[in-house]
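S.K.:
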Amino acid sequence: MTEYQTIDHDVLVIGAGGAGLRAAIEAAKDGTRVGVVCKSLLGKAHTVMAEGGMAAALANVDDRDTWRVHFADTMRGGQYLNNWRMAELHAREAPARVRELEAWGALFDRTADGRILQRNFGGHRYPRLAHVGDRTGLEMIRTLQDHGIHQGLDVHMECTVVSLLKDGDRIAGALAYDRERGRFRVFRAKAVIIATGGVGRAYGITSNSWEYTGDGQALAYLAGAALTDMEFVQFHPTGMIWPPSVRGILVTEGVRGEGGVLRNGAGKRFMFENIPENYRSQTADNEEEGWRYTQGDKDARRPPELLTRDHVARMIVREVKEGRGSPHGGVYLDISWIKEKLPNAAEHIRKKLPSMYHQFMQLAGIDITKEAMEIGPTTHYIMGGIRVDADSQMSTVPGLFACGECAAGLHGANRLGGNSLSDLLVFGQRAGQFAAEFARANTAPSVDQGVIEQETRTALEPFSRGSTAEGAYQVQEALQSTMQNLVGIVRVESEMERALMELESLRQRAQRVGVPGNREYNPGWHTALDLRHLLVVSEAIARSALARKESRGGHFRDDYPDKDPAFGTFNHIVTRGRGDDMQLTRQPIPPMPDELAAIITEMQS
Amino acid sequence: MTGHSKDASTQAVDAYTAAQAAQDAAVGHRTRSFRLWRGADGSGSLHDYVTETNEGMVVLDAVHQIQAEQANDLAVRWNCKAGKCGSCSAEINGQPKLMCMTRLDELPDDEPVTVEPMRAFPHVRDLVTDVSWNYRVKPKIQRFTPRPPDAPDGTWRIDQRDVDRVQEFRKCIECFLCQDVCHVLRDHHKHDEFIGPRYLVYAAALEMHPLDVADRVTPLKEEFGIGYCNITKCCTKVCPEHITITDNAIIPLKERVVDRHFDPLQALVRLVRGPQKSP
Ligand SMILES: Cc1cc2nc3c(=O)[nH]c(=O)nc-3n(C[C@H](O)[C@H](O)[C@H](O)COP(=O)(O)OP(=O)(O)OC[C@H]3O[C@@H](n4cnc5c(N)ncnc54)[C@H](O)[C@@H]3O)c2cc1C
Ligand code: SF4
Ligand code: SF4
Ligand code: FES
Numbered sequence: 048m049t050e051y052q053t054i055d056h057d058v059l060v061i062g063a064g065g066a067g068l069r070a071a072i073e074a075a076k077d078g079t080r081v082g083v084v085c086k087s088l089l090g091k092a093h094t095v096m097a098e099g100g101m102a103a104a105l106a107n108v109d110d111r112d113t114w115r116v117h118f119a120d121t122m123r124g125g126q127y128l129n130n131w132r133m134a135e136l137h138a139r140e141a142p143a144r145v146r147e148l149e150a151w152g153a154l155f156d157r158t159a160d161g162r163i164l165q166r167n168f169g170g171h172r173y174p175r176l177a178h179v180g181d182r183t184g185l186e187m188i189r190t191l192q193d194h195g196i197h198q199g200l201d202v203h204m205e206c207t208v209v210s211l212l213k214d215g216d217r218i219a220g221a222l223a224y225d226r227e228r229g230r231f232r233v234f235r236a237k238a239v240i241i242a243t244g245g246v247g248r249a250y251g252i253t254s255n256s257w258e259y260t261g262d263g264q265a266l267a268y269l270a271g272a273a274l275t276d277m278e279f280v281q282f283h284p285t286g287m288i289w290p291p292s293v294r295g296i297l298v299t300e301g302v303r304g305e306g307g308v309l310r311n312g313a314g315k316r317f318m319f320e321n322i323p324e325n326y327r328s329q330t331a332d333n334e335e336e337g338w339r340y341t342q343g344d345k346d347a348r349r350p351p352e353l354l355t356r357d358h359v360a361r362m363i364v365r366e367v368k369e370g371r372g373s374p375h376g377g378v379y380l381d382i383s384w385i386k387e388k389l390p391n392a393a394e395h396i397r398k399k400l401p402s403m404y405h406q407f408m409q410l411a412g413i414d415i416t417k418e419a420m421e422i423g424p425t426t427h428y429i430m431g432g433i434r435v436d437a438d439s440q441m442s443t444v445p446g447l448f449a450c451g452e453c454a455a456g457l458h459g460a461n462r463l464g465g466n467s468l469s470d471l472l473v474f475g476q477r478a479g480q481f482a483a484e485f486a487r488a489n490t491a492p493s494v495d496q497g498v499i500e501q502e503t504r505t506a507l508e509p510f511s512r513g514s515t516a517e518g519a520y521q522v523q524e525a526l527q528s529t530m531q532n533l534v535g536i537v538r539v540e541s542e543m544e545r546a547l548m549e550l551e552s553l554r555q556r557a558q559r560v561g562v563p564g565n566r567e568y569n570p571g572w573h574t575a576l577d578l579r580h581l582l583v584v585s586e587a588i589a590r591s592a593l594a595r596k597e598s599r600g601g602h603f604r605d606d607y608p609d610k611d612p613a614f615g616t617f618n619h620i621v622t623r624g625r626g627d628d629m630q631l632t633r634q635p636i637p638p639m640p641d642e643l644a645a646i647i648t649e650m651q652s
Numbered sequence: 048m049t050g051h052s053k054d055a056s057t058q059a060v061d062a063y064t065a066a067q068a069a070q071d072a073a074v075g076h077r078t079r080s081f082r083l084w085r086g087a088d089g090s091g092s093l094h095d096y097v098t099e100t101n102e103g104m105v106v107l108d109a110v111h112q113i114q115a116e117q118a119n120d121l122a123v124r125w126n127c128k129a130g131k132c133g134s135c136s137a138e139i140n141g142q143p144k145l146m147c148m149t150r151l152d153e154l155p156d157d158e159p160v161t162v163e164p165m166r167a168f169p170h171v172r173d174l175v176t177d178v179s180w181n182y183r184v185k186p187k188i189q190r191f192t193p194r195p196p197d198a199p200d201g202t203w204r205i206d207q208r209d210v211d212r213v214q215e216f217r218k219c220i221e222c223f224l225c226q227d228v229c230h231v232l233r234d235h236h237k238h239d240e241f242i243g244p245r246y247l248v249y250a251a252a253l254e255m256h257p258l259d260v261a262d263r264v265t266p267l268k269e270e271f272g273i274g275y276c277n278i279t280k281c282c283t284k285v286c287p288e289h290i291t292i293t294d295n296a297i298i299p300l301k302e303r304v305v306d307r308h309f310d311p312l313q314a315l316v317r318l319v320r321g322p323q324k325s326p
């Protein structure tokens with residue numbers, strides 16, 4: 048018998064990023080007993096890295112902005128595969144969530160008349176991102192953390208969930224281990240909210256931290272919940288590429304929002320060359336107009352650098368391939384040029400983009416107020432994830448909720464920058480509210496001792512195989528290069544089929560992984576346990592991508608380079624079959640209510 | 048479509064990957080030695096490792112490489128590898144630093160690079176310490192308490208200048224390097240009586256927040272031990288966010304305390320620095 052401690056909560060929140068914390072605060076409002084578990088220390092979750100801002104139609108900078116424009120922008124960016132109800136709720140509720148954050152102590156940059164300042168970002172028609180320089184995520188997570196510690200939450204830091212527990216069909220809790228001592232803990236709960244973030248660590252080049260191993264998506268899938276839209280992974284166009292050790296680290300889109308431009312190795316602004324049809328009427332056709340847009344001229348249209356991320360990333364790849372790249376295989380992102388336009392440009396850049404300035408100075412020895420940055424695409428975000436009900440955020444498993452990056456629906460085929468931070472708050476709040484209601488309406492579940500016994504035994508197996516067996520880091524690296532090379536920015540059938548075969552052999556290797564040492568703070572063991580989750584999400588991405596025989600948003604097929612209207616009518620659903628094999632089905636998108644459809648038509652002009 | 052051969056853009060990606068591999072090879076590889084602290088719960092010793100390094104590598108890269116290739120169970124805490132989360136604090140060649148922001152080429156290359164855990168906190172394993180004390184301190188400080196909204200739309204109007212004033216303090220990434228270096232905690236172990244520089248910065252951020260109306264002056268003196276700080280400025284020197292902890296946060300707070308509770312030592316401080324504008 049493996050020993051474990053049992054802890055009871057009404058609602059258990061897995062994850063302490065923006066989504067998890069917002070959910071926990073909401074759930075605890077009426078005296079519900081809420082537990083929060085997170086893999087790392089409080090305040091260190093991925094949300095801390097967000098830079099550019101959070102999108103909300105506050106209309107502080109441009110009074111033409113409304114929730115309806117935000118809704119239409121989100122749907123257009125997502126190529127209409129979005130869950131339209133989520134896009135509606137998000138656009139309607141984001142402003143209230145941002146103001147609430149301010150009431151909890153967040154301090155955003157201000158307009159001249161003292162209101163929250165908003166900046167331009169790709170795909171947003173008007174300046175819409177509330178921000179604090181380029182460290183908006185830090186402001187957000189610290190505000191939620193500092194508010195949350197006074198709400199009576201029971202926080203379990205450096206504690207990792209390895210599987211979900213069920214009572215019949217409904218959720219019953221989770222099994223976890225604490226990093227420090229490696230001891231198991233069983234959390235019993237009437238409702239569970241997953242808020243574990245993304246999957247970037249399935250790829251070799253990524254802006255994501257070690258935590259992003261797709262745990263939430265995989266845990267939900269293994270517990271019987273449906274995943275959706277898993278083919279849609281966002282490759283951010285601007286990651287650092289030099290020196291090698293920083294490859295993948297994000298360069299915020301805020302650089303382009305403040306007037307930064309993309310140039311190829313020959314110094315040409317190549318983004319003007321290929322503007323997609325559906326954005327042509329909104330995009331500047333000369334450099335002067337683009338500059339005026341970034342400086343707040345309401346009559347100017349946005350520069351093509353601020354087109355959606357999928358498009359910009361592919362344009363960069365094209366320049367590099369056609370021999371017009373920079374020396375280290377990327378292109379140039381230049382903000383220093385604004386000195387031609389602004390008298391105190393250097394100071395302005397340092398003030399608007401302080402952490403970018405710092406990051407390049409310290410890690411690459413480059414002064415961005417004087418020189419251009421070398422950049423290239425990096426794996427950044429997953430639009431797909433756990434399928435949820437739009438209003439309540441409940442998954443297809445009763446009592447199991449999901450919010451934030453690990454949930455899917457809002458972003459469709461491509462996420463607009465800034466729409467994640469607002470997503471965390473809007474749907475974190477909803478998940479918290481509905482999970483607490485679910486907990487109040489249901490009795491305590493019971494957990495199955497046999498399953499716990501089995502799961503803990505499996506988790507400890509790598510120790511019995513010892514250090515001479517297969518290495519966890521080596522399997523992880525092989526998985527990352529499989530996904531990077533075969534299911535990356537540009538996809539093709541034969542390569543994805545090969546990826547699926549390689550994933551199968553990696554699954555077998557993963558079962559032979561052994562680790563040295565003991566259970567106390569042992570990263571080798573943690574890496575071994577993460578493999579199961581990485582394998583599930585990688586397979587789900589590859590299978591969904593293989594079946595989508597068209598190009599749309601973040602998913603680009605070299606063998607089907609065009610968008611196909613027939614593929615615009617459904618989402619892919621991934622579920623666990625009886626025999627443990629992955630099932631892929633199509634779920635038709637329900638028709639939009641007239642009111643929303645009218646907004647789309649109206650905004651198309 | 049099986050067997051479809053790749054056309055232009057797939058080859059583009061291959062070219063991209065290949066170009067990058069070629070550059071890696073061109074980067075000057077060098078073998079360097081490291082001495083990493085290994086052990087659990089306070090007992091341990093420095094272990095020697097040798098690994099390949101290349102241009103631009105930071106200490107955390109080298110530690111990860113050693114972990115992946117030679118010591119799978121080497122414990123190290125990190126998250127973002129971009130200086131944003133404050134997880135990877137350690138003592139590098141005796142200096143409190145973030146491992147992910149310390150480049151190897153800024154350290155002397157004729158001696159091994161030594162990496163040890165922060166010494167002001169209880170040791171867990173290898174490079175990891177137990178920083179939970181910090182998380183227990185914060186809730187003791189009176190939380191953010193805004194004045195009622197006073198703009199017509201039910202929010203507030205705030206001047207950018209008032210935001211700028213506290214922004215410096217809000218940059219804190221809670222790396223606890225300042226706590227590690229402060230002698231009041233590190234050498235005198237006053238953890239029960241002194242909240243340390245990180246939380247004086249936190250208190251300053253709240254005290255100077257344009258909307259906050261709570262009063263933390265008396266607790267700063269009586270519970271939080273601000274008097275223990277004798278302005279050595281060691282904390283300011285190590286802060287990776289370049290927060291001027293002593294001059295901008297601690298001294299103005301000390302002045303508020305002096306204004307309310309006369310204390311000869313602090314009055315002296317004030318005399319030396321001259322009167323400061325109150326924010
Ligand atoms: C560099 C960067 C910049 C970005 N900038 C922006 C921006 O400007 N605007 C924007 O809108 N979006 C931005 N994004 C995206 C956005 O930051 C993320 O999508 C968002 O923060 C995700 O938040 P979350 O709450 O869903 O998850 P996270 O903040 O990642 O939190 C996940 C939590 O789950 C925990 N967890 C994970 N697995 C387990 C497990 N098995 N057991 C227990 N706990 C677990 C983790 O410890 C963590 O606490 C950016 C992303 C990156 C990488
Ligand atoms: S200035 Fe004060 S808080 Fe900072 S290290 Fe010195 S004694 Fe500690
Ligand atoms: S004040 Fe500076 S040194 Fe101290 S915890 Fe914050 S960032 Fe780290
Ligand atoms: S890993 Fe985040 S600060 Fe170093």
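Chains as they are written, first to last, in this note's numbering: chain A, 48 to 652; chain B, 48 to 326.
Yeah, the Cβ is synthetic: ideal placement off N, Cα and C, and Gly gets one too.
Quick caveat, the model's predicted, so the values are computed rather than measured.
Against chain B, with Cβ distances strictly below 9 Å, would A102 of chain A count as a contact?
M.R.: One-based indexing of the first sequence puts residue 102 of chain A at position 55. A102 of chain A does not count as touching chain B.
S.K.: Note down, in chain order, each residue of its chain lying with its Cβ closer than 8 Å to the Cβ of T648 of chain A, except the 5 sequence neighbours on either side.
M.R.: Here residue 648 of chain A is taken as the residue at index 601 of the first sequence, counted from 1. Closer than 8 Å at Cβ, skipping near neighbours: no residue.
S.K.: Determine whether the Cβ of K218 of chain B lies closer than 9 Å to any Cβ atom of chain A.
M.R.: Indexing the second sequence from 1 puts residue 218 of chain B at position 171. Yes, K218 of chain B counts as interfacial toward chain A.
S.K.: Using CA coordinates, which residue listed in A:H619, A:G615, A:T113 is at the minimum distance from P638 of chain A?
M.R.: Translated into the one-based positions of the first sequence, residue 638 of chain A becomes position 591. Ranking A:H619, A:G615, A:T113 by Cα distance to P638 of chain A puts A:G615 first.
S.K.: Against I205 of chain B, what residues of chain A qualify as contacts under a CB-to-CB distance less than 8 Å, listed in chain order?
M.R.: Here residue 205 of chain B refers to the residue found at position 158 when the second sequence is read from its first residue. Result: L154, R157, G161.
S.K.: Could you give the distance in angstroms between the alpha-carbon of P174 of chain A and the alpha-carbon of R310 of chain A?
M.R.: Position 127 of the first sequence, counting from 1, holds the residue named residue 174 of chain A. Position 263 of the first sequence, counting from 1, holds the residue named residue 310 of chain A. Those two C-alpha atoms are separated by around 24 Å.
S.K.: So is H238 of chain B in contact with chain A if we call contact Cβ pairs under 9 Å?
M.R.: Mapped onto the second sequence, residue 238 of chain B falls at position 191. Not an interface residue.
S.K.: Using a Cβ cut-off of 7 Å, which residues of the stretch 554–582 of chain A contact any Cβ in chain B, in chain order?
M.R.: V562, P563, G564, E567, Y568, N569, P570, G571
S.K.: Apply the 10 Å Cβ neighbour rule to K187 of chain B and answer buried if 16 or more other Cβ atoms are within range, or exposed otherwise.
M.R.: The count along the second sequence starts at 1 and reaches residue 187 of chain B at position 140. An exposed status is given to K187 of chain B, since fewer than 16 other beta-carbon atoms sit within 10 Å of its beta-carbon.
S.K.: Within the stretch 252–315 of chain B, note down every full alpha helix (DSSP H) run reaching 4 residues or more, in order along the chain.
M.R.: 264–269, 281–285, 298–307
S.K.: Between which two residues does the beta strand (DSSP E) holding W84 of chain B run?
M.R.: Taking the second sequence and counting its residues from 1, one reaches residue 84 of chain B at position 37. 77–87 is the extent of the beta strand (DSSP E) around W84 of chain B.
S.K.: Taking contact to mean 3 or more Cβ pairs, one atom from each stretch, closer than 8 Å, check whether the stretch 70–86 of chain A and the stretch 129–140 of chain A are in contact.
M.R.: no
S.K.: On the CB-based measure, 16 or more other CB atoms within 10 Å of its CB, does P640 of chain A come out buried or exposed?
M.R.: What you label residue 640 of chain A is simply residue 593 of the first sequence in a count that begins at 1. Classification for P640 of chain A: exposed.
S.K.: Residues in the stretch 292–305 of chain A with C-beta within 7 Å of chain B's C-beta atoms, listed in sequence order?
M.R.: S292, V293, I296
S.K.: Run the proximity test for G133 of chain B: is its beta-carbon closer than 8 Å to any non-hydrogen atom belonging to ligand 3?
M.R.: Taking the first residue of the second sequence as position 1, residue 133 of chain B is located at position 86. Under cutoff, so the answer is yes.
S.K.: Give the DSSP bridge partners of R150 of chain B, in chain order.
M.R.: Taking the first residue of the second sequence as position 1, residue 150 of chain B is located at position 103. Answer is B:V105.
S.K.: H256 of chain B touches chain A at which residues, Cβ-Cβ below 8 Å?
M.R.: In the second sequence, residue 256 of chain B corresponds to position 209, counting from 1. Neighbours of H256 of chain B in chain A, taken as residues whose beta carbon is under 8 Å from its own, are G152, L154 in chain order.
S.K.: Ignoring anything shorter than 4 residues or poking outside the stretch 215–247 of chain B, list the alpha helix (DSSP H) runs there in chain order.
M.R.: 224–228, 230–233
S.K.: Find out if the Cβ-Cβ distance for the pair A592 of chain A, V444 of chain A is shorter than 9 Å.
M.R.: Along the first sequence, one-based indexing puts residue 592 of chain A at 545. Along the first sequence, one-based indexing puts residue 444 of chain A at 397. Not a contact, by the Cβ cut-off of 9 Å.
S.K.: In chain order, which continuous runs of the beta strand (DSSP E) of length 3 or greater are located wholly inside the stretch 485–534 of chain A?
M.R.: none
S.K.: Looking only at its chain, what residues have a beta carbon closer than 6 Å to the beta carbon of D306 of chain B, apart from the 5 residues adjacent to it on each side?
M.R.: Residue 306 of chain B sits at position 259 when you count from the first residue of the second sequence. Cβ within range, chain order: n/a, list empty.
S.K.: Report whether the distance from the Cβ of T94 of chain A to the nearest heavy atom of ligand 1 is below 8 Å.
M.R.: Numbered from 1 along the first sequence, position 47 holds the residue referred to as residue 94 of chain A. Ligand 1 approaches T94 of chain A closely enough that one of its heavy atoms is under 8 Å from the residue's Cβ.
S.K.: By how many angstroms is the C-alpha of L145 of chain B removed from the C-alpha of L121 of chain B?
M.R.: Within the second sequence, residue 121 of chain B is the residue found at index 74, counting from 1. Within the second sequence, residue 145 of chain B is the residue found at index 98, counting from 1. If I take the Cα positions, the gap works out to 17 Å.
S.K.: List, in chain order, every chain A residue whose beta-carbon is nearer than 8 Å to that of V260 of chain B.
M.R.: For this step, residue 260 of chain B is matched to residue 213 along the second sequence. Ordered by position in chain A, no residue passes the 8 Å Cβ test against V260 of chain B, which lies about 12 Å from the chain.
S.K.: Report yes or no: do the stretch 262–269 of chain A and the stretch 580–597 of chain A share at least 3 C-beta pairs separated by less than 8 Å?
M.R.: yes
S.K.: Have a look at V184 of chain B and L224 of chain B and give me their C-alpha separation to the nearest angstrom.
M.R.: Taking the second sequence and counting its residues from 1, one reaches residue 184 of chain B at position 137. Taking the second sequence and counting its residues from 1, one reaches residue 224 of chain B at position 177. If you take the alpha carbons of V184 of chain B and L224 of chain B, they lie about 16 Å apart.
S.K.: With three or more C-beta pairs closer than 8 Å as the rule, is the stretch 99–106 of chain A touching the stretch 297–308 of chain A?
M.R.: yes
S.K.: Does the beta-carbon of G497 of chain A have 16 or more other beta-carbons within 10 angstroms, so that it is buried, or is it exposed?
M.R.: Counting from one through the first sequence, the residue named residue 497 of chain A turns up at place 450. Counting Cβ neighbours within 10 Å, G497 of chain A comes out exposed, since fewer than 16 surround it.
S.K.: By the 8 Å beta-carbon criterion, what residues does the stretch 171–194 of chain B contribute toward chain A?
M.R.: Under the 8 Å Cβ criterion, the stretch 171–194 of chain B contributes V171, R172, D173, V175, D177, V178, S179, Y182, K185, P186, R190, F191, P193.
S.K.: For a contact meaning CB atoms closer than 8 Å, what does P290 of chain A contact in chain B?
M.R.: For the purposes of this step, residue 290 of chain A is identified with residue 243 of the first sequence, where counting begins at 1. Those within 8 Å of P290 of chain A in chain B are V74, N101, E102, G103, M104.
S.K.: Roughly how many angstroms separate the alpha carbons of H235 of chain B and I139 of chain B, rounded to a whole number?
M.R.: Within the second sequence, the letter at position 188 stands for residue 235 of chain B. Within the second sequence, the letter at position 92 stands for residue 139 of chain B. Answer to the nearest angstrom: the Cα atoms are 22 Å apart.
S.K.: Within a Cβ cutoff of 7 Å, which residues of the same chain sit near I288 of chain A, ignoring the five residues on either side of it in sequence?
M.R.: The residue you call residue 288 of chain A lines up with position 241 of the first sequence. Only R294, H375, G376, G377, E421, I422, G423 meet the Cβ criterion.
S.K.: I'd like to know whether the C-beta atoms of I322 of chain A and P351 of chain A end up nearer to each other than 9 Å.
M.R.: By 1-based counting over the first sequence, the position of residue 322 of chain A is 275. By 1-based counting over the first sequence, the position of residue 351 of chain A is 304. The answer is yes: Cβ separation under 9 Å.
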